[in-house]
Amino acid sequence: MRVPHIGPKAVERLLKARQQARIVDLTQLRALGISRPEDLAPYVLLDGRPAAAAWLALFPGA
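Add 21 to the 1-based position in the sequence shown for our numbering, that's all there is to it.
This is how it looks when you write it as structure tokens:
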């Protein structure tokens, strides 16, 4: 599976980070060097929930 805006090195960092702890928000993805974490929202779970739902919750009424 290919995910937009994420390369093999970023995937390695993401997988390694997931072994250490849960990823609970998109800012953690930015800290891993992923420049546009909002583009990954449809593809990742944050704290066990779809990231897209978490992202949309930031903008009620959108």
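Even for Gly, the Cβ is constructed at its ideal location relative to N, Cα and C.
Bear in mind that the values here come from a model prediction, so they are computed numbers and not experimental data.
Delimiting residues of the alpha helix (DSSP H) encompassing residue i
i, result
"Glu33", "Pro29 to Gln41"
"Leu50", "Leu47 to Ala52"
Distance, residue j Cα to residue i Cα
i, j, result
"Asp60", "Leu36", "18 Å"
"Leu47", "Leu67", "8 Å"
"Ile44", "Arg51", "11 Å"
"Arg23", "Ala72", "17 Å"
"Lys30", "Ile55", "10 Å"
Proximity of residue i and residue j at Cβ, strictly below 7 Å
i, j, result
"Arg34", "Leu53", "yes"
For residue i, the three-state DSSP class (helix, strand or coil)
i, result
"Pro71", "strand"
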